[in-house]
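Asker: Handing you this structure, nothing more for now.
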Amino acid sequence: MGLRRFLSQHRPSLRVLLLGSFFFLFGITVIGISIGAYKITASQFLVKQTKDNLCAQTTLLAHFFSYDLAREADSRGIELPKIGVEKQAPSGAEPSTSLGCRAESINPAPLPPAPDPGPGNRVDPIFQTVGEVFSATLKKSVSSTLTGIRILDPYGTVLASSNEEVGLSLANRQEVQAALKGTAVWNLREKKPEPGQEKLIHWWNFFDLSNLQLLFHEGSILISRPANARVYVNTPIIVDNQVLGVVVASRSPLTMFQVARRYLDIFLLVAVLVVGLSVFLSIFMARRLSNTVNTIVDRAKRYKQGERGEFKTPLQRPLSREHHQLLLSVTEMANELEKREEHAQYLASHTVHELSNPLTSIQGAIEILNEDFDTLSDSERSEFIVLIKSKTNELSSLIDELHERTQADRVTQIERFEVNTHHLVEQIQSDFPSLAIMDLFEGSDVAIDLGLSGVALESIIKSLIDNAYKHGGDSVSVGLQITKARTSPDFLEIRVSDTGSGVDKKYRDSIFEPLFSTKPTRAISGLGLANVRKLMEFAGGTIELVDGDSGATFQLLLPILETS
-5 MGLRRFLSQH
5 RPSLRVLLLG
15 SFFFLFGITV
25 IGISIGAYKI
35 TASQFLVKQT
45 KDNLCAQTTL
55 LAHFFSYDLA
65 READSRGIEL
75 PKIGVEKQAP
85 SGAEPSTSLG
95 CRAESINPAP
105 LPPAPDPGPG
115 NRVDPIFQTV
125 GEVFSATLKK
135 SVSSTLTGIR
145 ILDPYGTVLA
155 SSNEEVGLSL
165 ANRQEVQAAL
175 KGTAVWNLRE
185 KKPEPGQEKL
195 IHWWNFFDLS
205 NLQLLFHEGS
215 ILISRPANAR
225 VYVNTPIIVD
235 NQVLGVVVAS
245 RSPLTMFQVA
255 RRYLDIFLLV
265 AVLVVGLSVF
275 LSIFMARRLS
285 NTVNTIVDRA
295 KRYKQGERGE
305 FKTPLQRPLS
315 REHHQLLLSV
325 TEMANELEKR
335 EEHAQYLASH
345 TVHELSNPLT
355 SIQGAIEILN
365 EDFDTLSDSE
375 RSEFIVLIKS
385 KTNELSSLID
395 ELHERTQADR
405 VTQIERFEVN
415 THHLVEQIQS
425 DFPSLAIMDL
435 FEGSDVAIDL
445 GLSGVALESI
455 IKSLIDNAYK
465 HGGDSVSVGL
475 QITKARTSPD
485 FLEIRVSDTG
495 SGVDKKYRDS
505 IFEPLFSTKP
515 TRAISGLGLA
525 NVRKLMEFAG
535 GTIELVDGDS
545 GATFQLLLPI
555 LETS
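Numbering of the sequence shown is given in this note's numbering, commencing with residue -5 and proceeding in unit increments.
This is how it looks when you write it as structure tokens:
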């Protein structure tokens, strides 16, 4: 619980997570490259490079040794003994280079450690004399070349060595036997610990590598030569088409760490570039990702503080598909909340606006009945009572519709209401007897599904008709036409036209704005057309002022919903 509570209170930022991920991947990459480098150490390039170098050294030593043998024999006035295998010497008088070395591999896989030398045979005096001269040179060169070199006679006995093996025989090695027959060969052998050293850990067994080996010697842990294998090159010494000996050279290949030390500046440059690029990419990606999230969070905070329209501005180049989807989801949610808020505001203002007319009628009728009750005839009293009852029913319908909308709160989808157009026409005709109505729907009882209720649609039409009479006076004629839209039969088209003076051109774009009125001194606030437009939009419809023969003509289009 403590760890979970700590993590919940100290959540790392997206930038920290990305930086950590990049550095983790970078570390894994470095480890992988290092393991691959270890693999290379025991094989492929570094082994081949070591083999080529040893091949060049043994070829040169074979040439010098054969030259000294011939000179020693001439100084003694004798011929070299015919004791070796006959073999045609390579063409060309000059010694071969590493590129000209033709050493063959006797086994592509590493061989076991070299066997211990056996007892040697009696050595010919000429070979012994020349060998002693070479031994002194080889022992001095081993510290600088790090190469173990042995020169053997035709029987495999060591004539000269960089170590203490003179007089012993290396004929028990298969590569030496091949070289004594006149073939230059090379091979890779596992490295054997020196006497008195016990191998504790051999990484070859775990990773098939040849890089590290821990040795135990006289109570101390030592690190041997980094590579755990040695390359052996065996080049025959050929004089007058006879194999008179073999030059054996061995050396451990370089490791990647040794190569890195040689090219430390290059490795450091590459490391700095890789680390710098990783840091740059980490910061860049973290900045882009966190900026996107921070922008969404900042817009949400401003929206919470009451600012509207924040999510209507598109995000500048979202970095990922997920960020784009996140912004779209939050934007849709914010826009839907704004739409709900606007709907509630306009529904309330529309209700207030529509309630004012019935209430005025009821209030006027009650005042007349109260003041002139005794002077009114029975028929006049009945008319006022019917008016009060009719307007009361109208108020009740408006309140019921408002209650349904506030309870359902279903602005996300267009609501479905069944509306009978003939019944709608009859209700409007009863309130406006002089109204010229044209109902082009066929049949006597036509019911269609709309996104507005019959009460709301009746209220909208009455509001337009009432505005026409109020602005045009008693001399104006008002007409109502209800039909299916000529351009699309899936829409209900309603036209309310009058023969008045119409709407001035400078007001055509302003009449649907809230609180607008062409008569500032009027008591009506001018919310009617703005509310009508909002209600039409909520139902998926439109209202616009269109050109007519005279006066003003308002066209309403409502989609006819398919029967479910």
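For glycine and all other residues, C-beta sits at the position ideal for the given N, C-alpha and C.
Quick one, which of Leu551, Ser350, Ser272 and Asp503 has its alpha-carbon nearest Val24's?
Answerer: Taking the sequence shown and counting its residues from 1, one reaches residue 24 at position 30. If we check each option's Cα against that of Val24, Ser272 comes out closest.
Asker: Please report the distance separating the alpha-carbon of Val540 from that of Leu550.
Answerer: Taking the sequence shown and counting its residues from 1, the one referred to as residue 540 is at position 546. Taking the sequence shown and counting its residues from 1, the one referred to as residue 550 is at position 556. If I take the Cα positions, the gap works out to 10 Å.
Asker: Specify the secondary structure class of Thr23 as computed by DSSP and reduced to three states.
Answerer: Indexing the sequence shown from 1 puts residue 23 at position 29. Residue state, collapsed to three classes: helix.
Asker: Output the distance between the C-alpha atoms of Leu381 and Ser457, rounded to the nearest integer angstrom.
Answerer: Locating residue 381 in the sequence shown gives position 387, where the first residue counts as 1. Locating residue 457 in the sequence shown gives position 463, where the first residue counts as 1. Distance between the alpha carbons of Leu381 and Ser457 is about 18 Å.
Asker: In whole angstroms, what separates the C-alpha of Leu446 from that of Tyr297?
Answerer: Your numbering for residue 446 matches position 452 in the sequence shown. Your numbering for residue 297 matches position 303 in the sequence shown. Straight-line spacing of the CA atoms in Leu446 and Tyr297 works out to 30 Å.
Asker: Going along the chain, which unbroken runs of the beta strand (DSSP E) with 3 or more residues stay wholly within the region 403 to 478?
Answerer: 411 to 414, 430 to 433, 441 to 444 and 472 to 478
Asker: Leu555 by DSSP, collapsed to three states: which one?
Answerer: Within the sequence shown, numbered from 1, the residue matching residue 555 stands at position 561. Three-state result, Leu555: coil.
Asker: Does DSSP classify Leu529 as helix, strand or coil?
Answerer: Counting from 1 along the sequence shown, the entry for residue 529 is found at position 535. Here Leu529 sits in helix by DSSP.
Asker: Taking all protein chains shown into account, do 16 or more other C-beta atoms lie within 10 angstroms of the C-beta of Lys499, making it buried, or fewer, making it exposed?
Answerer: Here the question's residue 499 lines up with position 505 in the sequence shown. When all chains shown are included, Lys499 counts as exposed.
Asker: Compare the beta carbon distance of Val237 and Gly161 with 7 Å and say whether it is the shorter of the two.
Answerer: Stepping through the sequence shown from its first residue, residue 237 is reached at position 243. Stepping through the sequence shown from its first residue, residue 161 is reached at position 167. Going by beta carbons, Val237 and Gly161 fall outside the 7 Å limit.
Asker: With a threshold of 16 other CB atoms inside 10 Å of the CB of Asp503, please say whether the residue is buried or exposed.
Answerer: As a first step, residue 503 must be located in the sequence shown, where it is residue number 509. Classification for Asp503: exposed.
Asker: Which two residues bound the contiguous alpha helix (DSSP H) that contains Leu267?
Answerer: The residue you call residue 267 lines up with position 273 of the sequence shown. Counting along the chain, the alpha helix (DSSP H) containing Leu267 begins and ends at Leu258 to Lys298.
Asker: Going by DSSP, what residue range makes up the alpha helix (DSSP H) through Glu169?
Answerer: Within the sequence shown, numbered from 1, the residue matching residue 169 stands at position 175. For Glu169, the enclosing alpha helix (DSSP H) stretches over residues Gln168 to Leu174.
Asker: Return the first residue and the last residue of the beta strand (DSSP E) that Val127 is part of.
Answerer: Walking along the sequence shown from the start, residue 127 turns up at place 133. Not the beta strand (DSSP E): Val127 falls in the alpha helix (DSSP H), residues Pro119 to Thr139.
Asker: Is Gly161 helix, strand or coil by DSSP?
Answerer: As a working mapping, residue 161 is identified with position 167 in the sequence shown. Of the three classes helix, strand and coil, the one that applies to Gly161 here is coil, per DSSP.
Asker: Starting from Ile143, follow the beta strand (DSSP E) in both directions and report where the run begins and ends.
Answerer: Translated into the one-based positions of the sequence shown, residue 143 becomes position 149. Residues Gly142 to Leu146.
Asker: Figure out for me which residue from Arg489, Ser15, Leu353 and Ala294 has the closest Cα to the Cα of Val419.
Answerer: Numbered from its first residue, the sequence shown carries residue 419 at position 425. Relative to the Cα of Val419, the nearest Cα in the group Arg489, Ser15, Leu353 and Ala294 belongs to Arg489.
Asker: List the whole-angstrom C-beta distance separating Leu429 from Ile459, where the pair is believed to meet the contact cut-off of C-beta under 8 Å.
Answerer: As a working mapping, residue 429 is identified with position 435 in the sequence shown. As a working mapping, residue 459 is identified with position 465 in the sequence shown. At roughly 7 Å, the Cβ-Cβ gap stays under 8 Å, so Leu429 and Ile459 are in contact.
Asker: State the DSSP-derived secondary structure class of Leu55, mapped to helix, strand or coil.
Answerer: For the purposes of this step, residue 55 is taken as residue 61 along the sequence shown, with counting starting at 1. Helix at Leu55.
Asker: Is it a yes or a no for the region 145 to 165 touching the region 123 to 131, going by three-plus beta-carbon pairs under 8 Å?
Answerer: Output reads yes: the region 123 to 131 touches the region 145 to 165.
Asker: So, are the CB atoms of Pro107 and Glu184 less than 7 Å apart?
Answerer: Position 113 of the sequence shown, counting from 1, holds the residue named residue 107. Position 190 of the sequence shown, counting from 1, holds the residue named residue 184. A Cβ-Cβ contact shorter than 7 Å links Pro107 with Glu184.
Asker: Taking the C-alpha atoms as reference points, what is the distance between Gly114 and Val266?
Answerer: Within the sequence shown, residue 114 is the residue found at index 120, counting from 1. Within the sequence shown, residue 266 is the residue found at index 272, counting from 1. When rounded, the distance between both Cα atoms is 57 Å.
Asker: List the DSSP bridge partners of Ile537.
Answerer: Taking the sequence shown and counting its residues from 1, the one referred to as residue 537 is at position 543. In the DSSP assignment, the residues bridged to Ile537 are Leu550.
Asker: CB Phe411 to CB Leu444, shorter than 7 Å?
Answerer: Reading the sequence shown from its first residue, position 417 is the one you call residue 411. Reading the sequence shown from its first residue, position 450 is the one you call residue 444. Cβ distance < 7 Å, so Phe411 and Leu444 count as in contact.
Asker: Could you spell out where the beta strand (DSSP E) holding Asn228 opens and where it closes?
Answerer: Along the sequence shown, one-based indexing puts residue 228 at 234. Ala223 to Val233 is the extent of the beta strand (DSSP E) around Asn228.
Asker: Please return the same chain residues whose Cβ sits closer than 7 Å to the Cβ of Ala359, not counting the five positions on each side in sequence.
Answerer: As a first step, residue 359 must be located in the sequence shown, where it is residue number 365. Excluding the 5 residues flanking it on each side, Ala359 has same chain C-beta neighbours closer than 7 Å at Phe378, Leu381 and Ile382, in chain order.
Asker: Which one or two residues does DSSP pair with Asn181 in a beta bridge?
Answerer: Here residue 181 is taken as the residue at index 187 of the sequence shown, counted from 1. Answer is Tyr226, bridged to Asn181.
Asker: Using 10 angstroms around the beta-carbon of Thr547, count the other beta-carbons present and answer buried if the total reaches 16, otherwise exposed.
Answerer: As a first step, residue 547 must be located in the sequence shown, where it is residue number 553. It counts as buried.
Asker: Tell me, which residues are paired with Pro113 by DSSP?
Answerer: The residue given as residue 113 occupies position 119 in the sequence shown. According to DSSP, Pro113 bridges with Leu162.
Asker: Candidates Tyr61, Val264, Ala243 and Ala342: which alpha carbon is nearest Gly142's?
Answerer: Sequence index remark: in the sequence shown, residue 142 carries index 148 (1-based). Checking every option, the nearest Cα to that of Gly142 belongs to Ala243.
Asker: Name the residue from Val449, Met432 and Ser391 whose alpha carbon lies nearest to the alpha carbon of Val413.
Answerer: One-based indexing of the sequence shown puts residue 413 at position 419. Considering only alpha carbons, the answer is Val449.
Asker: If you draw a straight line from the alpha carbon of Ser343 to that of Ile393, how long is it in whole angstroms?
Answerer: The residue labelled residue 343 in the question sits at position 349 within the sequence shown. The residue labelled residue 393 in the question sits at position 399 within the sequence shown. Distance between the alpha carbons of Ser343 and Ile393 is about 13 Å.
Asker: Identify, in the order they occur along the chain, each residue of the same chain with its Cβ nearer than 7 Å to the Cβ of Glu556, setting aside the five sequence neighbours on each side.
Answerer: Within the sequence shown, residue 556 is the residue found at index 562, counting from 1. Same-chain partners within the cutoff: there are none.
Asker: When DSSP labels each residue in this structure, what does Asp368 get in the three-state scheme?
Answerer: As a first step, residue 368 must be located in the sequence shown, where it is residue number 374. Three-state DSSP puts Asp368 in coil, outside helix and strand.
Asker: When the distance is taken between beta carbons, is Gly545 closer than 7 Å to Gly496?
Answerer: One-based indexing of the sequence shown puts residue 496 at position 502. One-based indexing of the sequence shown puts residue 545 at position 551. Yes, they are a contact pair.
Asker: If you reduce the DSSP assignment to three classes, tell me which class Ala243 lands in.
Answerer: Within the sequence shown, numbered from 1, the residue matching residue 243 stands at position 249. Here Ala243 carries a strand assignment [DSSP, helix/strand/coil].
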